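Peer 1: This note's numbering numbers the first residue of the sequence shown as 153 and each following residue consecutively.
Dropping the structure in here first, questions after.
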Amino acid sequence: MNDAERAIASSPEAWKPADPDLLEPALAEIGEALGTLSTLSLRLEKSPDDRDTVHAMFRAAHNLKGIAGMLAARKMELLARRLEDVLESLRKGALAPGPDVVDRILQGTDGCSRLAGAMRTGEVLAEDVSTLAAGLESVLEGAPPGGTSPPPPPPPSRSAAPSAVPESRRAEAATAALPVRLGKVNQILNLVGELVIRRTGLGERTRNLNRLQSEMGKAAESLRAGRDPSPEEIQEVGRHLRRIRSAFGAVCEHLEGTDLALDRILAQLQDEAVRMRMVPVSELFAAVPRIVRDVSRTLGKSVDLATEGEETELDKVICDHLTDPLLHLVRNALDHGIETPAERRAAHKGETGTLTLAARHEGGKVVLETSDDGRGIDPGRIREAAVRKGIVPAERAASLTEADLYDLLFQPGFSTARAVTDLSGRGVGLDVVRSEVAAVDGQVSVRSEAGRGTTFRIEVPLTLATLQVLFVRHRSEVFAVPTASIREVVPIAPGDLESIGGSRRCAWRGVRLPVLPLDELLGMERAAWAETTRPLLVTSHPERPAGLLVDAYLHRRTVVMKSLGTLLKQAPAVLGTTILGDGRVVVVLDPDACARLTAAAPAASTRIAAADARGGAPSILLVEDSGVVRKRLADILIRAGYDVTEAKDGAEALACAEGRSFDLVSTDVVMPRIDGYELTRRLRTLAQFQSVPILMVTSKEDELDRVRGFDAGADDYILKPVHEETYLARIRRHLGGNR
Numbered sequence: 153m154n155d156a157e158r159a160i161a162s163s164p165e166a167w168k169p170a171d172p173d174l175l176e177p178a179l180a181e182i183g184e185a186l187g188t189l190s191t192l193s194l195r196l197e198k199s200p201d202d203r204d205t206v207h208a209m210f211r212a213a214h215n216l217k218g219i220a221g222m223l224a225a226r227k228m229e230l231l232a233r234r235l236e237d238v239l240e241s242l243r244k245g246a247l248a249p250g251p252d253v254v255d256r257i258l259q260g261t262d263g264c265s266r267l268a269g270a271m272r273t274g275e276v277l278a279e280d281v282s283t284l285a286a287g288l289e290s291v292l293e294g295a296p297p298g299g300t301s302p303p304p305p306p307p308p309s310r311s312a313a314p315s316a317v318p319e320s321r322r323a324e325a326a327t328a329a330l331p332v333r334l335g336k337v338n339q340i341l342n343l344v345g346e347l348v349i350r351r352t353g354l355g356e357r358t359r360n361l362n363r364l365q366s367e368m369g370k371a372a373e374s375l376r377a378g379r380d381p382s383p384e385e386i387q388e389v390g391r392h393l394r395r396i397r398s399a400f401g402a403v404c405e406h407l408e409g410t411d412l413a414l415d416r417i418l419a420q421l422q423d424e425a426v427r428m429r430m431v432p433v434s435e436l437f438a439a440v441p442r443i444v445r446d447v448s449r450t451l452g453k454s455v456d457l458a459t460e461g462e463e464t465e466l467d468k469v470i471c472d473h474l475t476d477p478l479l480h481l482v483r484n485a486l487d488h489g490i491e492t493p494a495e496r497r498a499a500h501k502g503e504t505g506t507l508t509l510a511a512r513h514e515g516g517k518v519v520l521e522t523s524d525d526g527r528g529i530d531p532g533r534i535r536e537a538a539v540r541k542g543i544v545p546a547e548r549a550a551s552l553t554e555a556d557l558y559d560l561l562f563q564p565g566f567s568t569a570r571a572v573t574d575l576s577g578r579g580v581g582l583d584v585v586r587s588e589v590a591a592v593d594g595q596v597s598v599r600s601e602a603g604r605g606t607t608f609r610i611e612v613p614l615t616l617a618t619l620q621v622l623f624v625r626h627r628s629e630v631f632a633v634p635t636a637s638i639r640e641v642v643p644i645a646p647g648d649l650e651s652i653g654g655s656r657r658c659a660w661r662g663v664r665l666p667v668l669p670l671d672e673l674l675g676m677e678r679a680a681w682a683e684t685t686r687p688l689l690v691t692s693h694p695e696r697p698a699g700l701l702v703d704a705y706l707h708r709r710t711v712v713m714k715s716l717g718t719l720l721k722q723a724p725a726v727l728g729t730t731i732l733g734d735g736r737v738v739v740v741l742d743p744d745a746c747a748r749l750t751a752a753a754p755a756a757s758t759r760i761a762a763a764d765a766r767g768g769a770p771s772i773l774l775v776e777d778s779g780v781v782r783k784r785l786a787d788i789l790i791r792a793g794y795d796v797t798e799a800k801d802g803a804e805a806l807a808c809a810e811g812r813s814f815d816l817v818s819t820d821v822v823m824p825r826i827d828g829y830e831l832t833r834r835l836r837t838l839a840q841f842q843s844v845p846i847l848m849v850t851s852k853e854d855e856l857d858r859v860r861g862f863d864a865g866a867d868d869y870i871l872k873p874v875h876e877e878t879y880l881a882r883i884r885r886h887l888g889g890n891r
């Protein structure tokens, strides 16, 4: 590089677009060029003699340079020029496309991508790209700068793990650009044209009705003229009324036809609008080849990537939301699943492992699977780690099924890794994968076979724009349940149920199906059982089906679901709402919450039995000033078999503590009268609370607040919003250590 280029590469560039209107389309073209370079670089590495690939890459680099020059983005233009030089040398045959060359091209592409991100957000282009530019120049000179070989690609950082901020991700998706084919736009315009025609006809019918109303008024006036009408006048009025009746019939017939036509057009318009948001899964899979290449090289593994069903379409919003979860599962497969070549040889496998990404439509949903042919998951190690971390008591862990053990992988902070690496082993990821998938109304499950491999399965709805639901009635209220989450509806009589350890079960297809009345799902007071047969909605959870008991099944319909944002965030069984034709608002329920709640039933009965052996259930003093949060936490604790005493602030909690002992205290921090810090300090002065575990449950997340809590005498500090399974696991751990 000359001095001028070196100054451009190393100095911060306060860049602003000369024409802001051109920025978005220009960045879209930059993204397309960078995507082409990244994808074709991987193809070139596998097929170095493919001249068409080199030509396509050269055109992409040339286009990138031209756009950067037009935008006066000098750093990007410099990198693009160097990329173009390297590709021109490859095109002329003066340079061989080896792995080192591909490394340099990908590093330059990554640098341009980071610059494009800064341009999009209006930041100063502060990155020093001189090393990247020098690396590309060194390829042309035949030796890396400083006489060293190109550095291996850095391992993906933990920041690449999925983020637990689904609302912000939804906001980003809402403002993202969406390419739409002209044919789709034309189809929608045609349908809008039909609507305009029908609307014009509807206006004409309305005017006819107004004229008929006027005619009827005149006929009525002639009969109320204050004198007895003659027979001739009566006959004339009769003929007039018959004409009006005939005209009314014609208008009604036209209105019925218009109504049917509007239904048809609106249904087509809705379908076309949904299709506009559909994108092929190949868009979701696009980043995977690069991840597989870089991670497998870092780990010293040989991995082939196979994809199936890339043409499968799903909602663009869902597609964007699944990017991080999918990439995290891919990294897990490469790090935990697929073995090194030496390990595979010892296991009598081929040295090269296979990672397969598959997508397909199944039962009104889109199913995505990541499968590897690696070592599989050892249930014994999961059981051992769960007991060691206090997530499950040892006696309970021994009775867990394989499916239950796999489900523990999604617990916050859970990991079976014995060594910490940059890729995994820090307990970050799978719990967030589940929450991210759940944020788009999906679910994730896992199956594995020791020595043969592991498959993670993600099920998501085809679209979030519309939803087919079952309408049900329960205690005079109407609710909606997504049909995709219901396997079947079966009638059940009171005699079909049996009570086991405080939970209900019924026989269904050869298994004991856990049953949850809708009252309990919503945290309502349990209603008395009516001595009649009622419908049971059997959920379609792949591992733990459950039955949702309602009073009546009404009908099925496609609706538009509306999100309530954070309004019902503390209600885990609520997906959103929909509005009926008469204006009523109906809550849309999440049947998969049944599986989460009933999954704890065996553990709860075990805990209750153990408590009975000691002379009663463990007692917990629950202190929380928010009535909604207090009720939710109390419901969680009561379902888990604990004896709960509630207090709305620290002063009331101290009154409860006078002359009485508890096995554990769960307290908020910010409360009126006496806060959680002061409450903890005062409790510690009482003899009966010297060794009682005290848990602070709060939204105060600063490290200083946490230190203040432990200084006051707290044993644990849990941040809101509270995850039910995490909350119970912490409580079990402290109670177990206190027994």
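No residue lacks a Cβ here, since even glycine has one placed at the ideal position from N, Cα and C.
Nothing here was measured: the structure is a model prediction, and the numbers come from that model.
1. Less than 7 Å between the C-beta atoms of PRO643 and THR607, yes or no?
2. In three-state terms, what does DSSP make of ILE894?
3. Using a threshold of 7 Å, state whether the C-beta atoms of GLU465 and MET430 are closer than that.
4. Nearest to ALA632 by CA position, among ILE638, PHE623 and ARG791, is which residue?
5. Report buried or exposed for GLU491, applying the criterion of at least 16 other Cβ atoms within 10 angstroms of its Cβ.
6. Measuring alpha carbon to alpha carbon, tell me which residue in VAL739, ILE340, PRO169 and LEU614 is nearest THR273.
7. Less than 7 Å between the beta carbons of VAL775 and ALA805, yes or no?
8. Give me whichever residues DSSP pairs with TRP660 in a beta bridge.
9. Using three-state DSSP, classify LEU474 as helix, strand or coil.
10. So, helix, strand or coil for ALA510, using DSSP?
11. Keeping to the same chain, check which residues put their C-beta closer than 8 Å to that of LEU727; ignore five residues upstream and five downstream.
12. Rounded to whole angstroms, what is the Cα-Cα separation between LEU235 and GLY452?
13. If you run the structure through DSSP and keep just helix, strand and coil, what is PHE814?
14. Rounded to the nearest angstrom, what separates MET153 and ARG226 at their Cα positions?
15. Who are the near neighbours of GLU877 in its chain, counting only those whose CB is closer than 7 Å to its CB and skipping five residues on each side?
16. Can you tell which of LEU856, ARG885 and HIS875 has the C-alpha that lies nearest to the C-alpha of ASP867?
17. Taking the beta carbon of ARG661 as the centre, do at least 16 other beta carbons fall within 10 Å, making it buried, or is it exposed?
18. Should LYS468 go down as buried or exposed, given a rule of 16 or more other Cβ atoms within 10 Å for buried?
19. State the start and end residues of the unbroken alpha helix (DSSP H) segment that holds TYR558.
20. Are ASP456 and THR504 closer than 7 Å when you measure CB to CB?
21. Near LEU706, what residues of its chain come up, given a Cβ to Cβ distance below 8 Å and the 5 sequence neighbours on each side ignored?
22. What is the DSSP secondary structure of VAL859, counted as helix, strand or coil?
23. Excluding the 5 residues flanking PRO531 on each side, which residues of the same chain have their C-beta closer than 7 Å to its C-beta?
24. With ARG266 as the anchor, note down where its alpha helix (DSSP H) starts and where it stops.
25. Which of the three DSSP states, helix, strand or coil, is assigned to ILE160?
26. List the whole-angstrom C-beta distance separating LEU773 from ALA799, where the pair is believed to meet the contact cut-off of C-beta under 8 Å.
27. Going along the chain, which unbroken runs of the alpha helix (DSSP H) with 4 or more residues stay wholly within the segment 405-453?
28. If you drop the 5 nearest sequence neighbours on each side, which residues of the same chain put their C-beta closer than 7 Å to that of GLY260?
29. Leaving aside the five residues before and after VAL291 along the sequence, list all residues of the same chain whose C-beta is less than 6 Å from its C-beta, in chain order.
30. Give the DSSP-derived three-state secondary structure of VAL642 in the structure shown.
Peer 2: In terms of the structure at hand:
1. Taking the sequence shown and counting its residues from 1, one reaches residue 643 at position 491. Taking the sequence shown and counting its residues from 1, one reaches residue 607 at position 455. Note that the C-beta distance between PRO643 and THR607 is not below 7 Å.
2. The structure shown has nothing for residue 894, since the chain only spans 153 to 891.
3. Counted from its first residue, the sequence shown places residue 465 at position 313. Counted from its first residue, the sequence shown places residue 430 at position 278. Result yes, Cβ atoms of GLU465 and MET430 sit closer than 7 Å.
4. The count along the sequence shown starts at 1 and reaches residue 632 at position 480. For ALA632, the closest C-alpha among the options ILE638, PHE623 and ARG791 is that of PHE623.
5. Working through the sequence shown from its first residue, we reach residue 491 at position 339. Buried is the call here.
6. By one-based count along the sequence shown, residue 273 stands at place 121. When each option's Cα is compared against that of THR273, the closest is PRO169.
7. Position 623 of the sequence shown, counted from the first residue, corresponds to residue 775. Position 653 of the sequence shown, counted from the first residue, corresponds to residue 805. Annotated as proximal: VAL775 and ALA805, with beta-carbon spacing under 7 Å.
8. Looking up residue 660 in the sequence shown gives position 508. Residue pairing from DSSP places TRP660 in a beta bridge opposite VAL663.
9. For the purposes of this step, residue 474 is identified with residue 322 of the sequence shown, where counting begins at 1. Secondary structure of LEU474 (DSSP, three-state): coil.
10. Start at 1 with the first residue of the sequence shown, and residue 510 comes out as number 358. DSSP places ALA510 within a strand segment (E or B) once states are collapsed to three.
11. On the sequence shown, position 575 is the one that residue 727 refers to. So the list reads ASP593, PRO634, MET713, VAL740, LEU741 and ASP742, once near-sequence residues are dropped.
12. Locating residue 235 in the sequence shown gives position 83, counting from the first residue. Locating residue 452 in the sequence shown gives position 300, counting from the first residue. If I take the Cα positions, the gap works out to 28 Å.
13. Here residue 814 refers to the residue found at position 662 when the sequence shown is read from its first residue. Note: PHE814 maps to coil in three-state DSSP.
14. For the purposes of this step, residue 153 is identified with residue 1 of the sequence shown, where counting begins at 1. For the purposes of this step, residue 226 is identified with residue 74 of the sequence shown, where counting begins at 1. Here the C-alpha atom of MET153 lies approximately 14 Å from the C-alpha atom of ARG226.
15. Working through the sequence shown from its first residue, we reach residue 877 at position 725. So the list reads GLN563, once near-sequence residues are dropped.
16. Translated into positions along the sequence shown, residue 867 becomes position 715. Per the Cα distances, ARG885.
17. Translated into positions along the sequence shown, residue 661 becomes position 509. Result: exposed.
18. Translated into the one-based positions of the sequence shown, residue 468 becomes position 316. By the beta-carbon neighbour count (other beta carbons within 10 angstroms, threshold 16), LYS468 is buried.
19. Along the sequence shown, one-based indexing puts residue 558 at 406. Here the alpha helix (DSSP H) through TYR558 covers 554-560.
20. Walking along the sequence shown from the start, residue 456 turns up at place 304. Walking along the sequence shown from the start, residue 504 turns up at place 352. In terms of Cβ geometry, ASP456 and THR504 form a close pair [threshold 7 Å].
21. Position 554 of the sequence shown holds residue 706. Result list for LEU706: LEU622, PHE623, VAL624, ARG625 and VAL630, in chain order.
22. Along the sequence shown, one-based indexing puts residue 859 at 707. VAL859: helix per DSSP, three-state reduction.
23. In the sequence shown, residue 531 corresponds to position 379, counting from 1. Non-local C-beta neighbours of PRO531 in its own chain, meaning closer than 7 Å and more than five positions away in sequence, comprise GLU554 and LEU557, ordered along the chain.
24. Here residue 266 refers to the residue found at position 114 of the sequence shown. Element bounds for ARG266: 251-273.
25. The sequence position of residue 160 within the sequence shown is 8, counting from 1. In the structure shown, ILE160 adopts helical secondary structure according to DSSP, grouped into three states.
26. Taking the first residue of the sequence shown as position 1, residue 773 is located at position 621. Taking the first residue of the sequence shown as position 1, residue 799 is located at position 647. Here LEU773 really is in contact with ALA799; their C-beta atoms are around 7 Å apart, less than 8 Å.
27. As summarised for the segment 405-453, the continuous alpha helix (DSSP H) elements at least 4 residues long and confined to that stretch are 434-437 and 440-451, given in chain order.
28. Residue mapping note: residue 260 aligns to position 108 of the sequence shown, counting from 1. These residues qualify, in order along the chain: LEU231, ARG234, LEU235, LEU284 and LEU288.
29. The count along the sequence shown starts at 1 and reaches residue 291 at position 139. Once the five neighbours on either side are set aside, the close Cβ partners of VAL291 are VAL238, VAL253 and ARG256.
30. Sequence index remark: in the sequence shown, residue 642 carries index 490 (1-based). Looking at VAL642 - three-state DSSP - the assignment turns out to be strand.
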